[in-house]
Structure formats: structure tokens, C-alpha cells
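Visitor: Sharing a structure, written as C-alpha cells. Questions coming.
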Amino acid sequence: MITNLLKEVARGKRGARDLNYEESLQAADSIINLKATPAQIGAFFIAERIKMESVEEIEAFVSVCRKHAYRVPVQQGLDCAGPYDGRKKTFFATFPTAFLLAAAGLPVTLHGTGSLPPKWGVTLQDLLYESGIDADQTSRDQIIQAATETGVLYVPAEQWCPPLKELRSIRVELGMRTVLNTAEKLIDFSHSPYLIFGVYHNTVFERMAKLTTNLQYKKALIVQGMEGSEDLFIERPTRTYIVENGESSLHIIDPDTYGLETSVPEMDWTPVEQLCVSESVLQGRGHLAFVNQVMLNAAVRLRLAEKVDSVEEGLYTCKDLLDNGAAWELYSKWQNMMRSESKLHCRS
Numbered sequence: 001m002i003t004n005l006l007k008e009v010a011r012g013k014r015g016a017r018d019l020n021y022e023e024s025l026q027a028a029d030s031i032i033n034l035k036a037t038p039a040q041i042g043a044f045f046i047a048e049r050i051k052m053e054s055v056e057e058i059e060a061f062v063s064v065c066r067k068h069a070y071r072v073p074v075q076q077g078l079d080c081a082g083p084y085d086g087r088k089k090t091f092f093a094t095f096p097t098a099f100l101l102a103a104a105g106l107p108v109t110l111h112g113t114g115s116l117p118p119k120w121g122v123t124l125q126d127l128l129y130e131s132g133i134d135a136d137q138t139s140r141d142q143i144i145q146a147a148t149e150t151g152v153l154y155v156p157a158e159q160w161c162p163p164l165k166e167l168r169s170i171r172v173e174l175g176m177r178t179v180l181n182t183a184e185k186l187i188d189f190s191h192s193p194y195l196i197f198g199v200y201h202n203t204v205f206e207r208m209a210k211l212t213t214n215l216q217y218k219k220a221l222i223v224q225g226m227e228g229s230e231d232l233f234i235e236r237p238t239r240t241y242i243v244e245n246g247e248s249s250l251h252i253i254d255p256d257t258y259g260l261e262t263s264v265p266e267m268d269w270t271p272v273e274q275l276c277v278s279e280s281v282l283q284g285r286g287h288l289a290f291v292n293q294v295m296l297n298a299a300v301r302l303r304l305a306e307k308v309d310s311v312e313e314g315l316y317t318c319k320d321l322l323d324n325g326a327a328w329e330l331y332s333k334w335q336n337m338m339r340s341e342s343k344l345h346c347r348s
């Protein structure tokens, strides 16, 4: 069956066509369940990369991934869907932002894996490991208990959706982006009504808006953020799309509007440095650029999830939670509950 579908998507730039939803489900089933050979899977991924995936094709891969994933409504809050290939040049603001949001009463789901192509950057999983948390070795019960008590869920995606682990070697060998780079971010492990989703190119805004509508999120914010992530810039405006009730609109978020625009220092973003800066921000003693960036991202996400009536109100809320130590206290509790071994971390 995959051979016939390959003939449709791999006819070249002029001859290739998008698969309809039923055909896409067949292709996704063949690939996710490894019914296709590695050569066929690789050929399909490359053909789709050249053709560009349609909304129906991505949705089919999301649907099949969801069927093979452990998904439980531990907390119905905000899903932060950033790229699994990590960061190389920018701060992982979404990590400390998650604890600020949880301290404000908004449950957050984070998820990721070890680094992947094409970027091969520092991942959330790398940060956690430096913090003494080996997410791949942490039991599901332990992860869920930490989420229940703190409001922050971190999902090691290849453990909770095993086909992703099975397909890793093919993706590594190809060394390029595939349809899974998008689908894996939308598995929605905790059935979140709200989504913040990072994209690299603004040309995909409309397609991603239609996709999030089809996937029935209550409200989504698509962000052309740092390195294709869901994180807003602090040194310049960020292009975003707000999606709600089947309608979408462009929204430029300018940090200067809120008096937060700040130049970002040059940094060597190793996992250790990412963790140290994150912890400094949560302790209220970080560099102003990163403190402002976390507050802006948190305030916008609180507004998205209807926890505050305005970004300004969100900023006041977040500043208070940093100043009174609530965000740091929650992070410390979560870290202790998740930690599987003792490692050096940056609390000095």
C-alpha cells in the first residue's frame, strides 16, 4: 500500500499531489507501525519534504501518533509545543516560564526527546539531565505525581509514544526535517485545551492555524519565535497567529509596548548554562533580558489561557510571583519530585 502512495507524493515538483485524509492515514499507519521498510519510510519523508506536507497529511500523522501514545488528562491547561531538535543560539525561556505559569494557577505540559535533526540543539531533556532528572528513566507514575502536585508535566515523548523511538534511527540517518517534526509536537499528552506552538517560517501560519482548528484546541497561539520555538523575542517584536473558534488573525507582540524590550547578551548555550540562567530567573536574580523575556512569555500565555484579562495584568502577576519566591519554590518542589539522581545544579 505504501508503494502506491509513494508514487503519488514522489512524482516530482509538478506531478506530486497531496494525499487526501484517508490516504494520509494509510501512509501514517504504515510508517508509525513500521509496516513499511526503512527505505520506503525514508523515501516518503523526503518526498513529503520536497512537496511540503498538507494539513490533512500532518493531521493524519498526529492522529496515528496519538493512538499509539499514552495520553491522560492529568491537567487541562496549556501545552507548550516547541521543536524537539532544541536550541543552539537562544535561551530556553519556556522552561522557567512553565513554573511561573504553574505558580499563577495555569497547569503546563512540556514534552521533548533527546536531540534530533536538523538542528541538533540543546533540548529540554538535556536541561533536565543537568538538573539531576533522567526523564527517560523516570517512571510514568513519578512524572504524573509531580504534575499533580505542582501543575508542571514533562513528558519524555519517546517513552510515552514508543513509535517515535522506533523511528529515531531513520530520522537520524536522513538528517533532515520530516513530517514527524511537526506531528510529534501535537500529540497533546494531557488533552490540553490551550496550545502555544512554535514555527520557523511565517509561510506556515495559515496551514498551522487550520491544523490546530481541525485538532479542536479551544485556543492556540502560533509563534514565529526564537529558533522556530514558541518563545517570544525580547529584543524585537514577534509575529504570532491567534486561533480561536475556527478563525485566525495575525498579532504582532512588541516587548517595547510593555517597556520590556532589552538587548540580549551573547551566551554559550550549553545545557549547564541553560539550566543556570533558568534557575537564576526563577530566583529573581537573573539578567534583566532573560527575566523580562520569561515574564513577557508567561504574561502572554496567561492571557491566551484566559487566566488574566490583559498582558499587563499578567506581567504584574508574574513579577509578584518572582519577587515573593513562589515560582522558585514550586520549581524546587517539582525538581525534587522528579529527580532520580544527585547532580550538580546552579543554586548558589
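In terms of UniProt numbering, the sequence shown has 205 at position 205, counting the first letter as 1, and numbering is strictly consecutive. No residue lacks a Cβ here, since even glycine has one placed at the ideal position from N, Cα and C. A quick note: this is a predicted structure, and the numbers were derived from the prediction, not measured.
What residues in its chain sit with their C-beta under 7 angstroms from that of Q26, if we drop five residues either side in the sequence?
Guide: Within the sequence shown, the letter at position 26 stands for residue 26. Contacts found: M1, L5.
Visitor: Looking at the secondary structure, which residues open and close the alpha helix (DSSP H) in which A327 lies?
Guide: Position 327 of the sequence shown holds residue 327. It spans 326–338 - the alpha helix (DSSP H) in which A327 sits, taken as one unbroken run.
Visitor: Name the DSSP beta bridge partners of K219, please?
Guide: Locating residue 219 in the sequence shown gives position 219, counting from the first residue. According to DSSP, which records beta bridges pairwise, K219 is partnered with Y194, E244.
Visitor: Pair every Cβ in the region 272–288 with every Cβ in the region 209–221, then say whether three or more of these pairs are closer than 8 angstroms.
Guide: Result no; under three Cβ-Cβ pairs closer than 8 angstroms.
Visitor: Identify, in the order they occur along the chain, each residue of the same chain with its Cβ nearer than 6 angstroms to the Cβ of Y70, setting aside the five sequence neighbours on each side.
Guide: Your numbering for residue 70 matches position 70 in the sequence shown. Within the same chain, Y70 has close Cβ partners W160.
Visitor: With Y154 as the anchor, note down where its beta strand (DSSP E) starts and where it stops.
Guide: Position 154 of the sequence shown, counted from the first residue, corresponds to residue 154. Looking at the DSSP string, the run of the beta strand (DSSP E) that includes Y154 is 152–156.
Visitor: Got a sec, what are the start and stop residues for the alpha helix (DSSP H) L167 sits in?
Guide: As a position in the sequence shown, residue 167 is number 167, starting the count at 1. L167 -> alpha helix (DSSP H) spans 162–174.
Visitor: Which one or two residues does DSSP pair with A81 in a beta bridge?
Guide: Numbered from its first residue, the sequence shown carries residue 81 at position 81. Per DSSP, F197.
Visitor: Taking its Cβ as the centre, do 16 or more other Cβ atoms sit within 10 Å of P38, making it buried, or is it exposed?
Guide: Your numbering for residue 38 matches position 38 in the sequence shown. Classification of P38: exposed, given that the 10 Å Cβ count is below 16.
Visitor: Can you give me the Cβ contacts of M337 inside the same chain, cut-off strictly under 8 angstroms, excluding the 5 residues immediately before and after it?
Guide: Position 337 of the sequence shown, counted from the first residue, corresponds to residue 337. So the qualifying residues of the chain are Q142, Q145, A146, E149, T150.
Visitor: Pull the bridge partners of L232 from the DSSP assignment, please.
Guide: The residue labelled residue 232 in the question sits at position 232 within the sequence shown. Looking at the DSSP assignment, L232 forms no beta bridge with any residue, so it has no partner.
Visitor: Answer yes if the region 91–106 comes into contact with the region 172–185, meaning at least three C-beta pairs across the two stretches below 8 angstroms, and no otherwise.
Guide: Output reads no: the region 91–106 does not touch the region 172–185.
Visitor: Buried or exposed: which applies to M52, given that a residue is buried once 16 or more other Cβ atoms fall within 10 Å of its Cβ?
Guide: The count along the sequence shown starts at 1 and reaches residue 52 at position 52. By the neighbour-count rule (16 or more Cβ atoms within 10 Å), M52 is not buried but exposed.
Visitor: Cutting at 6 angstroms between CB atoms, please list the residues of its own chain near P96, excluding the five before and the five after it.
Guide: By 1-based counting over the sequence shown, the position of residue 96 is 96. Counting only Cβ-Cβ distances below 6 angstroms, and skipping sequence neighbours, we find S278, V281, L282, V294.
Visitor: For a test of the three-state rule: what should DSSP assign to G42, helix, strand or coil?
Guide: Within the sequence shown, residue 42 is the residue found at index 42, counting from 1. Three-state DSSP puts G42 in a helix.
Visitor: In whole angstroms, give me the CA-to-CA distance for S63 and C318.
Guide: Counted from its first residue, the sequence shown places residue 63 at position 63. Counted from its first residue, the sequence shown places residue 318 at position 318. Roughly 35 angstroms between the two C-alpha positions.
Visitor: Here's the rule: buried if 16 or more other CB atoms are within 10 angstroms of the residue's CB, otherwise exposed. What is L250?
Guide: Walking along the sequence shown from the start, residue 250 turns up at place 250. Answer is exposed; the Cβ neighbour count stays below 16.
Visitor: Hey, how far is the Cα of M226 from the Cα of D134?
Guide: Locating residue 226 in the sequence shown gives position 226, where the first residue counts as 1. Locating residue 134 in the sequence shown gives position 134, where the first residue counts as 1. Their backbone Cα atoms lie some 26 angstroms apart in a straight line.
Visitor: Return yes when the Cβ of L116 is within less than 7 angstroms of the Cβ of D85, no when it is not.
Guide: Position 85 of the sequence shown, counting from 1, holds the residue named residue 85. Position 116 of the sequence shown, counting from 1, holds the residue named residue 116. Their beta carbons are under 7 angstroms apart, which means D85 touches L116 by this criterion.
Visitor: Quick check: the Cα distance between G286 and K333, rounded to an integer number of angstroms?
Guide: Here residue 286 corresponds to residue number 286 of the sequence shown, with the count starting at 1. Here residue 333 corresponds to residue number 333 of the sequence shown, with the count starting at 1. The straight-line gap from Cα to Cα measures roughly 20 angstroms.
Visitor: For K185, which option in L275, G228, V172 has the closest C-alpha, if you only look at C-alpha atoms?
Guide: Translated into positions along the sequence shown, residue 185 becomes position 185. Nearest of L275, G228, V172 to K185, Cα basis: G228.
Visitor: Residues in the same chain with beta-carbon distance under 6 angstroms from F92, minus the five sequence neighbours each way, listed in chain order, please.
Guide: As a first step, residue 92 is located in the sequence shown; it is residue number 92 there, counting from the start. Excluding positions up to five away in sequence, the list reads Q274.
Visitor: Label K89 either buried or exposed according to how many other C-beta atoms from any shown protein chain fall within 10 Å of its C-beta, with 16 as the threshold for buried.
Guide: Here residue 89 is taken as the residue at index 89 of the sequence shown, counted from 1. With fewer than 16 other Cβ atoms within 10 Å, it is exposed.
Visitor: Consult DSSP for G112 and reduce its assignment to one of helix, strand or coil.
Guide: Against the sequence shown, residue 112 aligns to sequence position 112. Correct three-state label for G112: strand.
Visitor: Are the region 230–246 and the region 287–307 touching, with three or more C-beta to C-beta distances below 8 angstroms?
Guide: With the cut-off at 8 angstroms, the region 230–246 and the region 287–307 touch.
Visitor: Considering only the alpha carbon of each residue, which of F189, N202, E244, G198 lies closest to N214?
Guide: Translated into the one-based positions of the sequence shown, residue 214 becomes position 214. The candidate whose alpha carbon is nearest that of N214 is E244.
Visitor: Going by DSSP, name the residue or residues bridged to E250.
Guide: Numbered from 1 along the sequence shown, position 250 holds the residue referred to as residue 250. First, the amino acid is wrong: residue 250 is Leu here, not Glu. Note: L250 sits in a beta bridge opposite Y241.
Visitor: For E261 and G314, I'd like the C-alpha separation in whole angstroms.
Guide: Residue mapping note: residue 261 aligns to position 261 of the sequence shown, counting from 1. Residue mapping note: residue 314 aligns to position 314 of the sequence shown, counting from 1. Each residue's Cα considered, the two are about 16 angstroms apart.
Visitor: Can you tell me whether V122 is helix, strand or coil according to DSSP?
Guide: As a position in the sequence shown, residue 122 is number 122, starting the count at 1. Strand at V122.
Visitor: When burial is assigned at 16 or more other CB atoms within 10 Å of the CB, is G198 buried or exposed?
Guide: Numbered from its first residue, the sequence shown carries residue 198 at position 198. Buried, since its Cβ has 16 or more Cβ neighbours within 10 Å.
Visitor: What are the boundary residues of the alpha helix (DSSP H) that includes M208?
Guide: Locating residue 208 in the sequence shown gives position 208, where the first residue counts as 1. Note, M208: alpha helix (DSSP H), 205–214.
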